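Participant:
Numbering (my numbering), first residue to last: 7 to 502.
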């Protein structure tokens with residue numbers, strides 16, 4: 007199996023196992039610590055392949071010790087490793103499990119489902135075919151995997167890359183350790199070889215009838231050869247020489263025919279290979295031409311303005327929905343995200359909330375030219391433009407114990423989802439309009455006061471076949487209006 011196919015298979019396995027993990031959480035008596043104790047019957051504080059084999063045998067899953075050992079990248083699993091193995095990737099579901107009761111005993115049905123989950127992972131991992139080589143990987147990071155697929159011109163979703171890294175990330179540090187992966191692939195190779203040997207031994211059976219038939223053929227050949235030798239002895243020496251010369255000529259002719267046939271086959275194969283190469287080169291040239299044409303076709307300014315307007319309308323809708331959530335309050339959210347109680351929110355806190363790499367939320371902080379968000383900045387990000395919704399949000403009182411609670415305890419799942427969606431939109435890299443003075447003068451065609459107002463923008467969009475209301479158009483102006491005078495100057499328009 008090639009490396010890219012191997013990575014895609016790992017992503018499929020991780021997705022199926024993730025569904026099984028999320029199904030386990032639905033059991034009210036489920037807790038990972040109790041499951042760990044049930045497997046660790048000797049109270050050693052760690053789990054091995056042998057203890058998992060004993061646990062699975064209790065519920066009828068008869069796996070060998072080598073099959074169970076495919077899950078272990080080191081001789082023993084502690085509770086931290088077991089958590090990474092059993093819990094889902096969603097941070098909200100992890101928080102939900104962490105707040106459940108540890109001392110509640112797990113039911114027999116829950117233990118059966120845990121055994122079923124572990125057995126599923128063992129079966130999937132043992133059926134996985136190892137790659138031919140891992141030489142294409144350089145450091146095992148996300149960027150390394152993305153470059154591999156880009157070289158082969160294959161499209162991959164970010165969720166699939168996350169699943170690949172989650173499946174092969176043995177240490178949980180966000181990247182693949184190549185040394186451990188090499189050792190793990192060697193184990194896979196050994197197991198596949200053992201399976202192939204067993205299959206070949208079970209398939210290869212020599213029936214007695216075939217042996218008897220072969221022996222009968224050999225005996226007839228021996229009889230014919232004896233008869234021919236007797237005939238040759240009875241003939242004169244001249245005839246013998248003639249017969250031998252004829253046989254040798256026939257053999258030479260047969261060899262020459264075979265050589266000619268091989269030459270013709272070789273030439274045909276070469277021609278087929280050359281035609282295939284030409285076809286591949288033509289397809290690659292066509293792809294390059296299509297890509298250059300798509301790059302050269304730059305978007306029209308009205309299309310970019312439409313995209314920016316739709317984005318601001320989405321942001322405003324989410325802000326209004328957040329304001330209507332009765333359990334949401336900006337001060338409580340600010341205190342919950344301010345983990346270190348320093349009076350400001352950093353990039354790390356936003357990245358942990360969004361469950362992403364460090365530094366991806368830098369665009370939120372670029373709005374204020376600072377690496378920290380004060381409460382005033384945080385309120386500016388979350389407050390809707392509509393005065394009615396802003397009043398609803400600002401008049402809501404914070405909780406008394408909100409300073410001590412986590413964000414998962416303060417707000418419901420729906421409010422946290424809305425907050426995450428809003429921050430994801432705000433952290434997106436903005437699309438540049440690349441405007442000039444001619445476009446500015448074209449939009450400022452109604453008032454001609456060297457400023458772009460709401461009516462100017464509406465008229466320009468209406469002439470382009472787009473209709474937006476006054477409240478929708480003012481959202482775009484408000485997003486890029488630095489001096490907050492309700493209109494865009496030439497410099498503010500060029501900065502879009």
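Ideal Cβ placement from N, Cα and C applies to all residues, glycine included. Small disclaimer: the values here were computed from a predicted structure and weren't measured.
Taking all protein chains shown into account, decide if residue 125 is buried (16 or more other Cβ within 10 angstroms of its Cβ) or exposed.
Facilitator: Numbered from its first residue, the chain shown carries residue 125 at position 119. Residue 125 comes out buried.
Participant: Out of 55, 438, 339, point me to the one whose CA is closest to residue 389's CA.
Facilitator: As a position in the chain shown, residue 389 is number 383, starting the count at 1. Selected option, being the one with the closest Cα: 339.
Participant: Should residue 222 go down as buried or exposed, given a rule of 16 or more other Cβ atoms within 10 Å for buried?
Facilitator: Locating residue 222 in the chain shown gives position 216, where the first residue counts as 1. Note that residue 222 has pLDDT 45, beneath the 50 cutoff, so the model's placement of it is unreliable and no number is given.
Participant: Roughly how many angstroms separate the alpha carbons of residue 517 and residue 163, rounded to a whole number?
Facilitator: Only positions 7 to 502 of the chain appear in this structure, which leaves residue 517 out of reach.
Participant: For residue 160, does the three-state DSSP call read helix, strand or coil?
Facilitator: Walking along the chain shown from the start, residue 160 turns up at place 154. In this structure, residue 160 counts as coil in the three-state DSSP scheme.
Participant: Looking at the unbroken alpha helix (DSSP H) that takes in residue 21, where does it start and where does it end?
Facilitator: As a working mapping, residue 21 is identified with position 15 in the chain shown. First-last of the alpha helix (DSSP H) with residue 21: 9-30.
Participant: Quick one: using the 10 Å Cβ neighbour count with 16 as the cut-off for buried, is residue 261 buried or exposed?
Facilitator: Translated into positions along the chain shown, residue 261 becomes position 255. Exposed.
Participant: Please report how far the alpha carbon of residue 459 lies from the alpha carbon of residue 31, in whole angstroms.
Facilitator: Along the chain shown, read from residue 1 onward, the residue named residue 459 stands at position 453. Along the chain shown, read from residue 1 onward, the residue named residue 31 stands at position 25. Each residue's alpha carbon lies about 53 angstroms from the other.
Participant: Tell whether a beta-carbon distance below 9 angstroms holds between residue 121 and residue 65.
Facilitator: Taking the first residue of the chain shown as 1, we reach residue 121 at position 115. Taking the first residue of the chain shown as 1, we reach residue 65 at position 59. The answer is yes: Cβ separation under 9 angstroms.
Participant: With 16 as the cutoff for other CB atoms within 10 Å, does residue 303 come out buried or exposed?
Facilitator: Working through the chain shown from its first residue, we reach residue 303 at position 297. Here residue 303 scores only 47 on pLDDT, less than 50, and its place in the model should not be relied on; the value that follows carries that caveat. Exposed, since its Cβ has fewer than 16 Cβ neighbours within 10 Å.
Participant: State the Cα-Cα distance for the pair residue 257 and residue 281, rounded to the nearest angstrom.
Facilitator: For the purposes of this step, residue 257 is taken as residue 251 along the chain shown, with counting starting at 1. For the purposes of this step, residue 281 is taken as residue 275 along the chain shown, with counting starting at 1. About 36 angstroms.
Participant: Measuring from the CB of residue 318, is there a heavy atom of the ligand ZN at a distance below 8 angstroms?
Facilitator: Annotation note on the ligand ZN: not contained in the displayed structure, which lists no ligands.
Participant: Would you identify the three-state DSSP class for residue 228, choosing helix, strand or coil?
Facilitator: The residue you call residue 228 lines up with position 222 of the chain shown. Only weak support is given to the placement of residue 228: the predicted model assigns it a pLDDT of 49, under 50, and the value that follows is read from those uncertain coordinates. Helix, per DSSP.
Participant: DSSP three-state label for residue 379, please.
Facilitator: As a working mapping, residue 379 is identified with position 373 in the chain shown. Reduced to three states, the DSSP call for residue 379 is strand.
Participant: Roughly how far, in whole angstroms, is the beta-carbon of residue 173 from the beta-carbon of residue 20, given that I think they are within contact range, below 8 angstroms?
Facilitator: Within the chain shown, numbered from 1, the residue matching residue 173 stands at position 167. Within the chain shown, numbered from 1, the residue matching residue 20 stands at position 14. 4 angstroms between Cβ atoms; contact.
Participant: So which of 467, 431, 436 has the shortest CA-CA distance to residue 448?
Facilitator: For the purposes of this step, residue 448 is identified with residue 442 of the chain shown, where counting begins at 1. Nearest option by C-alpha distance: 467.
Participant: Go through its chain and collect everything with a Cβ distance to residue 116's Cβ below 6 angstroms, but skip five positions before and after it.
Facilitator: Position 110 of the chain shown, counted from the first residue, corresponds to residue 116. Cβ within range, chain order: 33, 35, 36.
Participant: By how many angstroms is the C-alpha of residue 7 removed from the C-alpha of residue 193?
Facilitator: The count along the chain shown starts at 1 and reaches residue 193 at position 187. The count along the chain shown starts at 1 and reaches residue 7 at position 1. Using only the alpha carbons, I get a separation of about 15 angstroms.
Participant: Ends of the alpha helix (DSSP H) at residue 64?
Facilitator: In the chain shown, counting from the first residue as 1, residue 64 sits at position 58. Counting along the chain, the alpha helix (DSSP H) containing residue 64 begins and ends at 55-64.
Participant: Under 6 angstroms Cβ to Cβ from residue 308, same chain only, skipping five residues before and after it: list those, please.
Facilitator: Numbered from its first residue, the chain shown carries residue 308 at position 302. So the list reads 470, once near-sequence residues are dropped.
Participant: Can you look up residue 497 in the DSSP assignment and give me helix, strand or coil?
Facilitator: The count along the chain shown starts at 1 and reaches residue 497 at position 491. It is helical.
Participant: Would DSSP call residue 452 helix, strand or coil?
Facilitator: The residue given as residue 452 occupies position 446 in the chain shown. Coil, per DSSP.
Participant: Hey, how far is the Cα of residue 324 from the Cα of residue 385?
Facilitator: Here residue 324 is taken as the residue at index 318 of the chain shown, counted from 1. Here residue 385 is taken as the residue at index 379 of the chain shown, counted from 1. So the alpha carbons of these two residues sit roughly 14 angstroms apart.
Participant: Would DSSP call residue 212 helix, strand or coil?
Facilitator: Reading the chain shown from its first residue, position 206 is the one you call residue 212. With a pLDDT of 44 at residue 212, under the threshold of 50, the predicted position of this residue should be treated as unreliable, and no value is reported.
Participant: Using a Cβ distance threshold of 8 angstroms, determine whether the region 416-435 contacts the region 368-387, with at least three qualifying pairs required.
Facilitator: The region 416-435, when compared against the region 368-387, does touch it at the 8 angstroms Cβ threshold.
Participant: According to DSSP, simplified to helix, strand and coil, what is residue 78?
Facilitator: One-based indexing of the chain shown puts residue 78 at position 72. Note: residue 78 maps to coil in three-state DSSP.
Participant: Helix, strand or coil for residue 395? Go by DSSP, reduced to three states.
Facilitator: If you number the chain shown from 1, residue 395 lands on position 389. Correct three-state label for residue 395: helix.
Participant: Short of 7 angstroms in beta carbon distance, which residues of its chain neighbour residue 144, apart from the five on each side in sequence? Order them along the chain.
Facilitator: Translated into the one-based positions of the chain shown, residue 144 becomes position 138. Excluding sequence neighbours, residue 144 sits near 150.
Participant: Measure how close the beta-carbons of residue 472 and residue 312 come, nearest whole angstrom, since I'm counting them as under 8 angstroms.
Facilitator: Position 466 of the chain shown holds residue 472. Position 306 of the chain shown holds residue 312. With 8 angstroms as the limit, residue 472 and residue 312 qualify as a contact, their Cβ atoms being about 6 angstroms apart.
Participant: Between the C-alpha atoms of residue 363 and residue 357, what's the straight-line distance to the nearest angstrom?
Facilitator: For the purposes of this step, residue 363 is taken as the residue at position 357 of the chain shown. For the purposes of this step, residue 357 is taken as the residue at position 351 of the chain shown. Distance between the alpha carbons of residue 363 and residue 357 is about 7 angstroms.
Participant: Helix, strand or coil: which one does DSSP assign to residue 417?
Facilitator: Within the chain shown, residue 417 is the residue found at index 411, counting from 1. Three-state DSSP puts residue 417 in coil, outside helix and strand.
Participant: Roughly how far, in whole angstroms, is the beta-carbon of residue 71 from the beta-carbon of residue 55, given that I think they are within contact range, below 8 angstroms?
Facilitator: Within the chain shown, numbered from 1, the residue matching residue 71 stands at position 65. Within the chain shown, numbered from 1, the residue matching residue 55 stands at position 49. Right, the Cβ-Cβ distance comes to about 6 angstroms (below 8 angstroms), so this counts as a contact.
Participant: Which residue marks the beginning of the alpha helix (DSSP H) containing residue 368, and which one marks its end?
Facilitator: Walking along the chain shown from the start, residue 368 turns up at place 362. Residue 368 -> alpha helix (DSSP H) spans 368-372.
Participant: Buried or exposed: residue 59, going by 16 or more other Cβ atoms within 10 Å of its Cβ?
Facilitator: Counted from its first residue, the chain shown places residue 59 at position 53. Buried, by the Cβ-count rule.
Participant: What does a CB cutoff of less than 8 angstroms around residue 98 pick up in its chain, not counting 5 residues either side in sequence?
Facilitator: Translated into the one-based positions of the chain shown, residue 98 becomes position 92. Counting only Cβ-Cβ distances below 8 angstroms, and skipping sequence neighbours, we find 414, 419, 422.
Participant: Among 491, 427, 189, whose alpha-carbon lies nearest the alpha-carbon of residue 140?
Facilitator: The residue given as residue 140 occupies position 134 in the chain shown. Measuring from the Cα of residue 140, the nearest candidate turns out to be 189.
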